[in-house]
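Have a look at the structure below, then the notes.
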Amino acid sequence: MKFNKETSKFKILKILKILKIPLEQIAFFLILISILISIPLTTYSKSSVDDHLAEISQISAHLSRNYNFAFNVNDGQTPLMQNMYINNCEVNLETYSENGLLWRDNYDLSTLNPHSKVLKYKGTYHIAFGVIPQLMRRSDLYFDTKEERDDAISQLRDLANLCHKLKVKKAIKEIKRIEQEIAENLEGEFIGGIPYESGANAGVIRDDENEKLALLRGEMSFYERYTTLINAKKSIYAQYLIFRGDESGKFTTDLLIKKKEQGVDVKVIVDGFSLFDKGQGKNVQKNSLKMLNNLMASGIRVFGYSCAGKLVRNELQGLDAGKLIRRNHEKMWIVDGELAGRSTTSMAIVGGINISQEYFRLTGPGKDNWRDQDIAMKGEIVGDFYNAFLRNFKIKGIMYKTYMFDDWCFNPYNPQTEREKYLAFKEDKSEEYLELSGEESKTAEKVKFNMQKFLDGYVGIADVEGNARMIKSSPNYMSVDRVRALLSRPDEKEDYIFSAYIDLINKAKDEILIANAYFIPQPEMRKALINASLRGVKVRILSNSPETNDLPMMTIVGRYRYLELVEPAYGKRNSASASYIYTRPKTPEELKIYEWVGMYIGKSDGGESIGDAELDLIMKDRKRTDGTMHSKFMVVDRRVGIVGAYNLDSSSRKNTESAVIFEGENLARELAHYFEIDLLKSRFLTLNKIKEYRNPKPGKYRMTMKFGLLIENML
């Protein structure tokens, strides 16, 4: 039988007849259902949505306040405070210590349900927001008492029920869209030449005349660390990606232990995954672990190292596998930070230099003789980095799972009041370093010799012909107009370093000089640099060649992006940059890129006036005197500068990073002079050369480039 409306109606009536349901009842129920269905459509008006929004606002205002609590950790109770601010169904939860913001979390109550946990965590009662955030080990809302927790959970559940309503979701989505548009149109604020931010970790702009800064290259940075270490009165805090057990690392460790025994507070943070580094051979890698163990055996807590050996468990923190590419990339050396601005012993060093002999240029000329840049600070600015370090240290103490298992190698005794017990524990748990042999041994002897020269106050420099020689020198501390600590904390949605780079590039009038070890500019950076050159700003960029880069793929992928930067100045656009809108001035300035080759070229313009063939002959004829160019700095209009550990690639936007931004003509000019000296050991990339890099001939280089572009957002 053919199916149609009539046969369908016939079947329905037949079924109703069999079930013996009166048609009047069916009609009544159909009318009732239609009425019930129509109620939300007719009475759920704008006024009811407004009522719900008003109720949401009322509950949010009541819950938005500070919550004090204390965690029980191995070193005793740690008092903390949480600030919960709820707006448009979004919970913003910030956790603070007395040193500032520790971590921040955001939870959307329109999709998540708050629930209380039965088990106590470090002595507190808590509320969690959804299952996935828990698996990712994000923060809860903590209370000292169960009564406080139960009162808050009741109100949060009422709020979540309101936020789950479909009409409310749509209304809030529109409100957020409008707020986002307003935020995007706001221009960044400046105080003088320095970008201003108001975030929790944004730092304070210091403008006191006692704020003094000094530029430090490798040798000088080693010497300055040594002098400040031996003069320290209260504390020495060190955080590094790499703290290697070579001669420089062991020497520094011995001094740190001596200061600990004199009653100085010493704390160290290293990146856990850097301990797998075999950069100077297996024996040096094993000595790195022994060295960090010896710090712990001397009562110096080291986060990133664990006696229990569970490094990966520390670093991953739940199911967040992305932590593997989010490193602790900071390099901070802070001495007597609690005396900032009140003692000559108080100082801080930040920059690109790790604790390892190649960064300090202790090996002499050659591929292990790196070029890097640090900056030293005196004044109130030291206190900002002091607090930044302590925030990092407290986060590790709370989050690290192996913290409680390290007692068997961590010395608990006071070296002054419990001297005998301290020394006995130290002797029992300290480990002997492995003896080096062959080339490792020869390098170690060379390093020891150069190290002694540096400790005597001599530093190595290269004259105009590239010949290395030793001169007596000391840091040149200069007053600056303004200075601000810059921090990048991706987990807290803060990247003040990248923001400062973009703001300064967009505001530049005459000149931008960038030296960056791993330069793979992202779209926002490319747009800012291109627009700067098109409005007539002189832009000069220096990065590594593949031959000098310790990570050659970074240069190869970076080279792919160079054409997008330089072509617009010639009046051309390509597919990669076609989405940019340029305001073309009468005289666009050609953006120029240079590559560090680690040997003296012979021209102050980076070999720009030398032909490629002649330059290739010069490079074949001469030996490299320098290894990787590891600097990360920028100078704008010879007035404002940034120095830090921040690379202009995707990776640094995922790492924790530190830098300093300053405004001061004398210091900025000196940093620009450093840049010009670096061009003596660099080559200029012509447009034709850059085009060759964009479309290389088939081979290993091309395969590396294609693979690198696939993972560009991870590099």
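Our numbering applies: residue 14 is where the sequence shown begins, and numbers increase by one.
Just so it is clear, CB atoms sit at the ideal spot from N, CA and C, and this is done for glycine as well.
Output yes or no for whether 8 Å exceeds the beta carbon distance between residue i and residue j.
i	j	result
residue 664	residue 608	no
residue 698	residue 606	yes
residue 113	residue 126	no
residue 343	residue 670	yes
residue 380	residue 637	yes
residue 549	residue 602	yes
residue 203	residue 493	no
residue 229	residue 387	yes
residue 640	residue 371	yes
residue 696	residue 619	yes
residue 122	residue 104	yes
residue 416	residue 87	yes
residue 490	residue 718	no
residue 517	residue 552	no
residue 398	residue 365	no
residue 411	residue 255	no
residue 137	residue 84	yes
Name the one or two DSSP bridge partners that residue i has.
i	result
residue 228	388
residue 278	248
residue 797	Nothing in the structure corresponds to residue 797, since the chain is present only between 14 and 728.
residue 92	83
residue 421	Answer is none; residue 421 lacks a bridge partner.
residue 605	553
residue 78	97
residue 116	108
residue 204	207
residue 507	502
residue 121	103
residue 191	DSSP output for residue 191 lists no bridge partner at all.
Rounded to a whole number of angstroms, what is the C-alpha to C-alpha distance between residue i and residue j?
i	j	result
residue 347	residue 539	34 Å
residue 537	residue 679	30 Å
residue 100	residue 392	39 Å
residue 240	residue 468	9 Å
residue 340	residue 406	15 Å
residue 568	residue 377	25 Å
residue 589	residue 575	The pLDDT assigned to residue 589 is 42, lower than 50, so where the model puts this residue is not dependable, and the model offers no usable value.
residue 709	residue 253	37 Å
residue 308	residue 73	48 Å
residue 714	residue 630	22 Å
residue 139	residue 438	39 Å
residue 18	residue 192	Residue placement at residue 18 is flagged as unreliable, the pLDDT there being 46, under the threshold of 50; a coordinate-derived value is accordingly withheld.
residue 257	residue 169	49 Å
residue 496	residue 434	45 Å
residue 544	residue 519	8 Å
residue 554	residue 488	26 Å
residue 283	residue 201	34 Å
residue 55	residue 672	Low per-residue confidence applies at residue 55: pLDDT is 38, beneath 50, and the placement is therefore not dependable enough to give any value.
residue 71	residue 181	15 Å
residue 67	residue 175	11 Å
residue 667	residue 316	20 Å
residue 471	residue 546	41 Å
residue 183	residue 69	14 Å
residue 235	residue 373	6 Å
residue 700	residue 580	8 Å
residue 190	residue 102	14 Å
Quick check on residue i - is its C-beta less than 8 Å from some C-beta in chain D?
i	result
residue 533	The displayed structure is made up of one protein chain only, and chain D is not part of it.
>> Quick test of the definition: if touching needs 3 or more C-beta pairs under 8 Å, does the stretch 447-465 touch the stretch 634-644?
In response: Between the stretch 447-465 and the stretch 634-644, the count of Cβ pairs shorter than 8 Å is below three; the stretches do not touch.
>> Does the stretch 682-689 come into contact with the stretch 507-518, if we say contact requires no fewer than three beta-carbon pairs (one atom in each stretch) closer than 8 Å?
In response: Flag = no, the stretch 682-689 and the stretch 507-518 do not touch.
> Hey, is the stretch 215-231 in contact with the stretch 79-99, meaning 3+ C-beta pairs nearer than 8 Å?
Replying inline: No: fewer than three Cβ pairs fall under 8 Å.
>> Just to confirm the assignment: which complete alpha helix (DSSP H) runs, minimum length 4, are found wholly within the stretch 666-694?
In response: Runs of the alpha helix (DSSP H) spanning 4 or more residues and lying entirely within the stretch 666-694 occur at 678-692, in chain order.
> Quick one: complete beta strand (DSSP E) runs, 3+ long, within the stretch 510-586?
Replying inline: The stretch 510-586 contains these whole beta strand (DSSP E) runs: 524-529 and 551-557.
> Just checking, does the stretch 446-453 make contact with the stretch 288-303 on the three C-beta pairs under 8 Å criterion?
Replying inline: Counting Cβ pairs under 8 Å, three or more are found: they touch.
>> If we require 4 or more residues per run, which alpha helix (DSSP H) segments fall completely within the stretch 612-637?
In response: Counting whole runs of 4 or more residues, the stretch 612-637 contains the alpha helix (DSSP H) stretches 625-634.
>> Going residue by residue through the stretch 130-167, where are the continuous beta strand (DSSP E) segments of at least 3 residues, counting only ones entirely within it?
In response: The qualifying runs are 138-142 and 154-156.
> Of all the beta strand (DSSP E) runs that stay within the bounds of the stretch 256-319, which reach a length of 3 or more residues?
Replying inline: Whole beta strand (DSSP E) segments, 3+ residues: 278-283 and 314-316.
> Can you find at least 3 beta carbon pairs, one from the stretch 419-431 and one from the stretch 311-323, that sit closer than 8 Å?
Replying inline: Contact between the stretch 419-431 and the stretch 311-323 is present: three or more C-beta pairs spanning the two stretches fall below 8 Å.
> Just checking, does the stretch 517-528 make contact with the stretch 650-667 on the three C-beta pairs under 8 Å criterion?
Replying inline: Three or more Cβ pairs closer than 8 Å define a contact, and the stretch 517-528 meets that threshold against the stretch 650-667.
> Are at least three pairs of beta-carbons, each pair with one atom in the stretch 249-266 and one in the stretch 221-228, less than 8 Å apart?
Replying inline: The stretch 249-266, when compared against the stretch 221-228, does not touch it at the 8 Å Cβ threshold.
>> Quick check: the stretch 351-365 against the stretch 244-253, are at least 3 beta-carbon pairs closer than 8 Å?
In response: Judged by Cβ distances under 8 Å, the stretch 244-253 makes contact with the stretch 351-365, as three or more pairs qualify.
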